[in-house]
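Only one structure is covered here, and it is reproduced in the block below.
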Amino acid sequence: AVVSTQSTGGLKGLYKGTLVTALRDVSFSCVYFPLVGIGCSYFASEGEDKFTSFMKTLAIASFAGASASGLVTPFDVVKTRIQTLTPGVNAVKYNGVPDTFVKVIKNEGFGALYKGCVPRMSVIAPLMAIAQSVYFIGVAEMLFGVNNKKY
Numbered sequence: 084a085v086v087s088t089q090s091t092g093g094l095k096g097l098y099k100g101t102l103v104t105a106l107r108d109v110s111f112s113c114v115y116f117p118l119v120g121i122g123c124s125y126f127a128s129e130g131e132d133k134f135t136s137f138m139k140t141l142a143i144a145s146f147a148g149a150s151a152s153g154l155v156t157p158f159d160v161v162k163t164r165i166q167t168l169t170p171g172v173n174a175v176k177y178n179g180v181p182d183t184f185v186k187v188i189k190n191e192g193f194g195a196l197y198k199g200c201v202p203r204m205s206v207i208a209p210l211m212a213i214a215q216s217v218y219f220i221g222v223a224e225m226l227f228g229v230n231n232k233k234y
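Count along the sequence shown starting at 1, add 83, and that's the number in our numbering.
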């Protein structure tokens with residue numbers, strides 16, 4: 084795939100959709116991490132055992148991951164449209180991020196920006212729950228000596 088992309092689009096073809104990917108990932112992080120932080124603070128209990136702390140972190144991160152991925156799905160749809168654009172007889176031609184947003188809404192309606200939202204949320208929720216739980220419970224304590232009693 085890399086050779087095919089490079090041969091048809093050159094070096095520029097390998098980086099197609101980089102801007103919108105960054106917009107998606109940065110906006111995801113701007114939603115996800117505050118939700119996890121607020122959730123962990125809100126549900127913190129003194130003297131909590133590690134299993135309860137782990138389960139809370141798992142649930143909070145799952146909710147935060149699903150919420151954040153749902154909110155940034157339009158960026159993911161636009162990224163996919165830009166990256167998978169193939170020339171054809173009746174193919175819509177996109178010219179950058181704003182143009183792609185406008186054309187998707189104009190041609191398919193606002194709801195098209197949320198195509199694949201539920202499957203994406205279903206994948207990201209457990210992924211973020213596992214990643215955050217491993218970090219909070221395992222890696223942070225082991226590598227950095229973090230006292231995780233407050234979570």
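Beta carbons are placed, not taken as given, at the ideal position from N, Cα and C, and that holds for glycine.
In this text, all values refer to a predicted model and were calculated from it rather than measured experimentally.
Any idea what DSSP makes of V155, helix, strand or coil?
coil
Along the alpha helix (DSSP H) that carries L106, what are the first and last residues, could you check?
T101 to Y125
Who are the near neighbours of V180 in its chain, counting only those whose CB is closer than 8 Å to its CB and skipping five residues on each side?
L102, V103, L106, V161 and I165
Would you call the CB atoms of G120 and M211 closer than 8 Å?
Against a cut-off of 8 Å, the Cβ pair of M211 and G120 comes out as no contact.
Run through the segment 182 to 224 for me and flag every whole alpha helix (DSSP H) of 4 or more residues, listed as ranges in chain order.
200 to 216
So, at 7 Å on beta carbons, what are the nonlocal neighbours of K186 in its own chain, with the 5 sequence-adjacent residues on each side left out?
V175 and Y177
By Cβ distance below 7 Å, which residues in the same chain neighbour Y98 in space, the five residues on each side in sequence not counted?
Cβ neighbours of Y98 beyond the five flanking positions: none.
What is the rounded straight-line gap between the Cα of F158 and the Cα of K189?
16 Å
In three-state DSSP terms, what is Y234?
With a pLDDT of 45 at Y234, under the threshold of 50, the predicted position of this residue should be treated as unreliable, and no value is reported.
Note down the Cα distance separating G194 from A144, rounded to an integer number of angstroms.
26 Å
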